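Residue numbers (my numbering), protein chains in the order written: chain A, 193 to 422; chain B, 193 to 422. Quick reminder that beta carbons are idealized off the backbone N, C-alpha and C, glycines included. Just so you know, these numbers come straight off a predicted model, no measurement behind them. What follows is a set of notes on a single structure, which appears directly below.
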DNA sequence: CCAATGCAAGAGCGGTGCTCTCTTTTTTGT
DNA sequence: ACAAAAAAGAGAGCACCGCTCTTGCATTGG
């Protein structure tokens, strides 16, 4: 059925992919703001209105690219993590963070698309959530493993944040001590702060030797979450 | 001279201010991407081409808004800091960070303009640097004060980062121990990571009770820089 | 007073996202 | 097998955008 579902269905898949590829090319070259449906259509030898048969609006095309970008960085992180799966939690954590930074430097416009300013009236549809969570899920898993191996020190947690921590644990950080759950979420946001500052030019004339600086900062964040120093 | 410099010069200043005000209004309402020279001109009752007598391009108008935004958040931070000038360094640090977050929540589009994705081919001109540095300078000052008061513990620093740290100290962190200088810069970027994640929607369904979460995270970052826990 | 300058206005260029209509092609149901 | 229905492409057109150029008018400084 699905194999020989007619030339039309197959063509649709191919054209959709071609549109996304060309759009991704333009995104990587010029950034999201300069991505133009007309230019994509032009490059593909079709007329601009034909493109609306595949993506109902520019925003929908952008959403597709956003999901792809999340998956791309997520896959980079997963690959990097797999390569050090047997190492210490600390080592696994830093490897994942460095993979994220490496991906960001290699795909700056895609990084800006997903971790920079959201486009004007745009709210990410629910479909992006699973892809968006991939990097975080790896880091959560690392901390969970460390906890089960007895290699996790729980950071202090003010009493007022206890309900929030319990909710986090129930929602996505099962098994972790409350203080670790909160520290973990904060450390993830803080790590992306380091990447964003570097990528968005805030480190100009401030941090020059950026790779070792990032390694050091990420390592300290991981220690702050309570990962054992090995 | 400057007082009675003719009606023309005065009019120019007023019109320039009116343009910036209306542009800021549109920026706050719809975001940078939807800021349109034509709409600004329309609202001011002039024709769009007339606007080019005041700002040579849309990017130049945006640059003016960027500088204003940096000054605005810088002033918020400075005001907040002045209110607790006699408190402990830790308290001063967290007050400044909370002021930044408060300003960001009140001016999301302006925050996105300066700390989000840079606009496409745009590189911030040197004129933005002094305004951009204001928040960081306050935090650096806090740590310097703590150091001079003997209330600063130097975080560890790998030998490889020592040259970088010395450069930072020479450039903008005079008097600080090397480990503190590096930790300080990282903590600033990490703090903005927390703000950006919240503002850009990355905390949806992840952090609900955001104000106390931020307070806690920022406090832990400050302790990580070595500020004494008082 | 008069020439030089500053400024507003208007027309216009090439670009954008998006809609609508029309034609052709493929799929589907009887 | 054939007609009806659905899908796809093409083209024209709308309203907007940033930006440029020319044309008149007002202000200014020598």
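Distance between beta carbons of residue j and residue i, contact taken as under 8 Å
i	j	result
residue 390 of chain B	residue 407 of chain B	Actually they are not in contact, since the Cβ atoms of residue 390 of chain B and residue 407 of chain B sit about 12 Å apart, beyond 8 Å.
residue 206 of chain B	residue 236 of chain B	Between residue 236 of chain B and residue 206 of chain B the Cβ distance is about 11 Å, and since that is not below 8 Å, they are no contact.
residue 338 of chain A	residue 419 of chain A	5 Å
residue 250 of chain A	residue 240 of chain A	Not quite, the Cβ-Cβ distance comes to about 11 Å (not below 8 Å), so this is no contact.
residue 387 of chain A	residue 284 of chain A	About 18 Å; that fails the 8 Å criterion.
residue 422 of chain B	residue 282 of chain B	6 Å
residue 254 of chain B	residue 224 of chain B	7 Å
residue 268 of chain A	residue 295 of chain A	4 Å
residue 384 of chain B	residue 385 of chain A	5 Å
residue 256 of chain B	residue 212 of chain B	6 Å
residue 327 of chain B	residue 368 of chain B	Incorrect: roughly 17 Å between the Cβ atoms, too far for contact.
residue 198 of chain A	residue 308 of chain B	45 Å between Cβ atoms; not a contact.
residue 382 of chain B	residue 382 of chain A	3 Å
residue 291 of chain B	residue 272 of chain B	3 Å
residue 301 of chain B	residue 209 of chain B	That belief does not hold up - the Cβ atoms of residue 301 of chain B and residue 209 of chain B are roughly 20 Å apart, past 8 Å.
residue 248 of chain A	residue 393 of chain B	Actually they do not touch by this definition, with Cβ atoms about 22 Å apart.
Three-state secondary structure assigned by DSSP to residue i
i	result
residue 297 of chain A	helix
residue 344 of chain A	strand
residue 419 of chain B	strand
residue 333 of chain A	helix
residue 394 of chain B	coil
residue 309 of chain A	coil
residue 424 of chain A	Outside the displayed span of chain A (193 to 422) sits residue 424 of chain A, for which this structure offers no information.
residue 317 of chain B	coil
residue 246 of chain A	coil
residue 238 of chain B	coil
residue 211 of chain B	helix
residue 364 of chain B	coil
residue 400 of chain B	coil
residue 349 of chain B	coil
residue 227 of chain B	coil
residue 194 of chain A	Summary for residue 194 of chain A: the model assigns pLDDT 37, below 50, so the residue's position carries little reliability; its value from the coordinates is reported in the next sentence. Reduced to three states, the DSSP call for residue 194 of chain A is coil.
residue 279 of chain A	coil
residue 325 of chain B	coil
residue 369 of chain B	coil
residue 386 of chain A	helix
Option in the options with minimal Cα separation from residue i
i	options	result
residue 372 of chain B	B:413, B:209, B:201, B:316	B:413
residue 362 of chain A	B:397, B:332, B:405, B:265	B:397
residue 409 of chain B	A:399, A:415, A:208, A:379	A:379
residue 404 of chain A	B:322, B:357, B:201	B:357
residue 417 of chain B	B:224, B:273, B:352, B:348	B:348
residue 305 of chain A	A:234, A:260, A:243, A:203	A:260
residue 276 of chain B	B:296, B:330, B:256	B:330
residue 299 of chain B	B:218, B:341, B:287	B:218
residue 245 of chain B	B:203, B:392, B:309, B:342	B:203
residue 395 of chain B	A:360, A:368, A:370, A:369	A:360
residue 350 of chain B	A:263, A:411, A:310, A:210	A:411
residue 370 of chain A	A:332, A:220, A:381	A:332
residue 400 of chain B	A:382, A:354, A:290	A:354
residue 266 of chain B	B:297, B:325, B:344	B:325
residue 263 of chain A	A:279, A:303, A:286, A:415	A:303
residue 318 of chain B	B:286, B:258, B:297	B:258
_Short-range partners of chain A found in the segment 393-410 of chain B, where Cβ spacing is below 8 Å_ = 393, 394, 395, 397, 398, 399, 400, 401, 404, 405, 408, 409
*asked:* Taking beta-carbon pairs under 7 Å, can you tell me which members of the segment 216-233 of chain B lie near chain A?
replied: 222, 223, 225, 226
_Contact set between the segment 341-367 of chain B and chain A, restricted to residues whose Cβ is under 9 Å from the partner_ = 347, 348, 349, 350, 352, 353, 355, 356, 359, 360, 363, 364
*Could you run through the segment 369-386 of chain B and flag, in chain order, every residue whose CB is less than 9 Å away from some CB of chain A?*
374, 375, 377, 378, 379, 380, 381, 382, 383, 384, 385, 386
_Residues from the segment 291-308 of chain A in contact with chain B, defined by Cβ distance under 8 Å_ = 304, 305, 307, 308
*Pull out every residue of the segment 231-250 of chain B whose Cβ sits closer than 7 Å to any Cβ of chain A, in chain order.*
none
*Listed from N- to C-terminal order along the chain, which residues in the segment 257-276 of chain B have their beta-carbon within a distance smaller than 9 Å of any beta-carbon of chain A?*
none
*asked:* Any C-beta of chain A within less than 7 Å: which residues of the segment 316-335 of chain B qualify?
replied: 316
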